[in-house]
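First to last, the sequence lines map onto chains G and Y.
Quick note on numbering: the first sequence equals residues 1 to 170 in our numbering.
Quick note on numbering: the second sequence equals residues 1 to 201 in our numbering.
Structure first, commentary second.
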Amino acid sequence: MKPQACPELTSMLLRAADGLLDEEETADLEVHLRDCRGCRSALAEQKAARRDLQARPVIAASPAFRVRVADAIAAEERSLANVLDFRRWTWRLAPVAAVLLTAIALGVPTASDTASADASDVDPTLNADLPVSSALYTGDLPSTSLESLLLVGNPDRPVGDYVQTQEPGK
Amino acid sequence: MTRDDGVRAAPRPDPDAVDVQRARKGDAGAFDALVRRHQDRLVNYLAAFLGNAADAEDVAQEAFVRAYRALRQFRGQSAFKTWLFQIATNAARTHRARRVSRREVSTEPVDAEAPVREVESHEDLESRVVLRDRLDRALRALPDDQREAVILRDVEGFDYREIADLLDVPMGTVESRIFRGRQKLRLLLATPLESVEERTS
Chain G
1 MKPQACPELT SMLLRAADGL LDEEETADLE VHLRDCRGCR SALAEQKAAR RDLQARPVIA
61 ASPAFRVRVA DAIAAEERSL ANVLDFRRWT WRLAPVAAVL LTAIALGVPT ASDTASADAS
121 DVDPTLNADL PVSSALYTGD LPSTSLESLL LVGNPDRPVG DYVQTQEPGK
Chain Y
1 MTRDDGVRAA PRPDPDAVDV QRARKGDAGA FDALVRRHQD RLVNYLAAFL GNAADAEDVA
61 QEAFVRAYRA LRQFRGQSAF KTWLFQIATN AARTHRARRV SRREVSTEPV DAEAPVREVE
121 SHEDLESRVV LRDRLDRALR ALPDDQREAV ILRDVEGFDY REIADLLDVP MGTVESRIFR
181 GRQKLRLLLA TPLESVEERT S
C-alpha cells in the first residue's frame, strides 16, 4: 500500500515543491523527511506533477483571434448604439403613434369614458346622511363613485348631496 | 532571498493599469493591447481546462467581450489579468455545464489507474503534441475545482493568493486543491515514481 503523507504537513510539502520554504522551514522538513516515507513520496509527487505541467507546450491563440474579438466588440457597440439611437426609436414607434392619433380622431371610447358611465350606478342603500369623508373612511362608496367624488367632492358635505345630484340622470 | 511567486508578500503594481485606464475612457487601441498581451495565456488556460482549442477560443472571446463590457465597473481590486481570468473561469464553467447538459462532454470519470500514453521523446513537434495531449487527458480526468487550481498554478503561474481571489475561496482551500490535484495527476500520468525521485533529488 502506498505510504501517506502526514496530513498536517501537506501545506509545507506543497510549498517545498514550489520552492517557497525559507531556510529554517527547509531544514525542519528535511529532518522530518529522513524518517517519513509517506512525506518523501508525496513531495516527489508534487515536484513531478509541477514539472510535467510546466513542460506542457503552450497553445497560442490563432492569428485571427484578435480580429474576432475586435469584431465582437464592434458588434456589441453597434447594438448598444442602436438602442440609444432616438431616430430608430422614432421610426419604430411611428405606427403606434399613428394608431393612437387615428383612435383619438375617430372618438373611440377610452377607459375614462367607461369609468364615468359606471359612476351613475350609485348604490341606493348608501347612507346619504354621512359626510363624504365618512363614506370614504368606511368604504361605503363603490370605487367608481369614489373616483367621481374625489374629483369634485367636498369631504364635509353629506354623501346624499352627491347621490341625489346623480339620481335624475339615472 | 529570491522566492517563487507562490505567496505574494505585497501587492505588485498592475502592469496593465495604464491600458486599462485608457480603455475605460474608450480607447479601442488600449483594449486591443490588453487582448494582444493576454490572448495566448488565456486561450492556453482555457484549452487546458476545456480540453479543446476551438472551444477555448470561443470562451476566450466571450471573456474579452464580457471584460470590455464590465471595464467601467473594474476598480482594480486585483490585477487586470486576475480579473480577466476570473471572468474566463466563470465563462468556461458555464460553457462546460451547457455542454454536459447537452451530453456533448463525457461525464464518465476516467479510471485513475489507467495508464496514459507515454512519451519517448519531447524533441520534435509531434512528441510535443503527444505530450500535451497526454497531460490534457490527465487534466480532464481531475475534478473541476482541482483542475482549475492546478492549471492556474502550474501552467499559468498564478500565486496562491491570486488563485484564492480568482476562485473566491480561502487560500487553504487553494493549497489543498493543488496538492490533491497534483497527486491525482501523477497517478493518471503513471510515470514510475522512482525515476521521478531520482530526477528531482
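Beta carbons are placed, not taken as given, at the ideal position from N, Cα and C, and that holds for glycine.
Any C-beta of chain A under 8 Å from that of residue i
| i | result |
| --- | --- |
| phenylalanine 80 of chain Y | No chain A appears in this structure, whose protein chains are G and Y. |
Partners in chain G for residue i, counting only beta-carbon separations shorter than 7 Å
| i | result |
| --- | --- |
| glutamine 73 of chain Y | Ordered by position in chain G, no residue passes the 7 Å Cβ test against glutamine 73 of chain Y, which lies about 16 Å from the chain. |
| glutamate 175 of chain Y | Ser11, Leu14 |
Beta-carbon proximity check, residue i vs residue j, cutoff 8 Å
| i | j | result |
| --- | --- | --- |
| isoleucine 163 of chain Y | valine 174 of chain Y | yes |
| phenylalanine 85 of chain Y | aspartate 14 of chain Y | no |
| arginine 68 of chain G | glutamine 61 of chain Y | yes |
| aspartate 32 of chain Y | alanine 70 of chain G | yes |
| glutamate 25 of chain G | methionine 12 of chain G | yes |
Alpha-carbon to alpha-carbon, residue j and residue i
| i | j | result |
| --- | --- | --- |
| valine 116 of chain Y | alanine 17 of chain G | With a pLDDT of 42 at valine 116 of chain Y, under the threshold of 50, the modelled position of this residue cannot be trusted; read the value that follows with caution. Cα to Cα, the separation comes out at about 23 Å. |
| glutamate 45 of chain G | alanine 67 of chain Y | 37 Å |
| glutamine 73 of chain Y | arginine 24 of chain Y | 9 Å |
| valine 64 of chain Y | glutamine 183 of chain Y | A small correction: the amino acid at residue 64 of chain Y is phenylalanine; valine does not occupy that position in the sequence shown. The alpha-carbon atoms of phenylalanine 64 of chain Y and glutamine 183 of chain Y are separated by roughly 33 Å. |
| threonine 89 of chain Y | aspartate 40 of chain Y | 15 Å |
| leucine 53 of chain G | alanine 149 of chain Y | 12 Å |
| arginine 69 of chain Y | glycine 51 of chain Y | 27 Å |
| valine 129 of chain Y | proline 57 of chain G | 7 Å |
| arginine 37 of chain Y | leucine 14 of chain G | 30 Å |
| lysine 2 of chain G | proline 143 of chain Y | 22 Å |
| tyrosine 160 of chain Y | isoleucine 151 of chain Y | 12 Å |
| alanine 30 of chain Y | isoleucine 104 of chain G | 54 Å |
Residue-level contact to chain G via CB, residue i, 8 Å cutoff
| i | result |
| --- | --- |
| glutamate 148 of chain Y | no |
| phenylalanine 158 of chain Y | no |
| arginine 186 of chain Y | yes |
| isoleucine 178 of chain Y | yes |
| arginine 137 of chain Y | no |
Cutoff 8 Å: residue i Cβ touching any chain Y Cβ
| i | result |
| --- | --- |
| leucine 14 of chain G | yes |
| proline 57 of chain G | yes |
| serine 79 of chain G | no |
| leucine 126 of chain G | The predicted model places leucine 126 of chain G with a pLDDT of 48, which falls under 50 and marks its position as unreliable; any figure quoted below should be read in that light. Chain Y contact via Cβ: absent. |
| glutamate 24 of chain G | no |
Within chain Y, the residues that residue i reaches when beta carbons sit closer than 9 Å
| i | result |
| --- | --- |
| glutamate 76 of chain G | Val65, Tyr68, Arg69 |
| arginine 37 of chain G | Under the 9 Å cutoff, chain Y gives no residues; its nearest Cβ is about 11 Å from arginine 37 of chain G. |
| arginine 34 of chain G | Ordered by position in chain Y, no residue passes the 9 Å Cβ test against arginine 34 of chain G, which lies about 14 Å from the chain. |
Closer than 7 Å: residue i CB and nearest the ligand COA heavy atom
| i | result |
| --- | --- |
| phenylalanine 158 of chain Y | Of the ligands one can find in the structure shown there are none, so the ligand COA has no counterpart to examine. |
Partner residues on chain G for residue i, Cβ-Cβ distance less than 9 Å
| i | result |
| --- | --- |
| asparagine 90 of chain Y | Ordered by position in chain G, no residue passes the 9 Å Cβ test against asparagine 90 of chain Y, which lies about 17 Å from the chain. |
| alanine 60 of chain Y | Ala61, Phe65, Val69 |
Within chain Y, partners of residue i - CB distance below 8 Å
| i | result |
| --- | --- |
| glutamine 4 of chain G | Neighbours of glutamine 4 of chain G on chain Y: none; closest Cβ ~10 Å, over 8 Å. |
| arginine 66 of chain G | Asp32, Val35, Arg36, Gln39 |
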